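A.B. asks: This structure is in structure tokens; I'll ask about it shortly.
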Amino acid sequence: ITSGGDLDPPKVQRVFWATMEGVIAAVLLMGGGLLALQTAVVATGLPFAAVLLLLSISLVRGMKQDA
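The sequence shown maps to residues 637 to 703 in my numbering.
As structure tokens, then:
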């Protein structure tokens, strides 16, 4: 995320982000249980799903124009 586009970021940075993901998941599980974790996953994944849907529609339209 903060490696400036480097394809092989430093190990310290990779360990930091992996640890942060684990800590966030653990806090959500301890604080609100599995339902809180599932809600957080859906809340963060839904915008990406909408963008992917729009990109898919755009891809199909572009392919139809080229044909």
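Note that CB positions come from ideal geometry on N, CA and C, so glycine has one too.
Predicted model only: the values in this text are computed from it and were never measured.
Have a look at Trp-653 and Val-663 and give me their C-alpha separation to the nearest angstrom.
C.D. replies: Here the question's residue 653 lines up with position 17 in the sequence shown. Here the question's residue 663 lines up with position 27 in the sequence shown. When rounded, the distance between both Cα atoms is 15 angstroms.
A.B. asks: Does the distance from the C-beta atom of Leu-665 to that of Leu-673 stay below 7 angstroms?
C.D. replies: The residue labelled residue 665 in the question sits at position 29 within the sequence shown. The residue labelled residue 673 in the question sits at position 37 within the sequence shown. Yes. Within cutoff.
A.B. asks: How far does the alpha helix (DSSP H) with Ser-694 in it reach, from first residue to last?
C.D. replies: The residue you call residue 694 lines up with position 58 of the sequence shown. Where Ser-694 is concerned, the enclosing alpha helix (DSSP H) stretches over 647-702.
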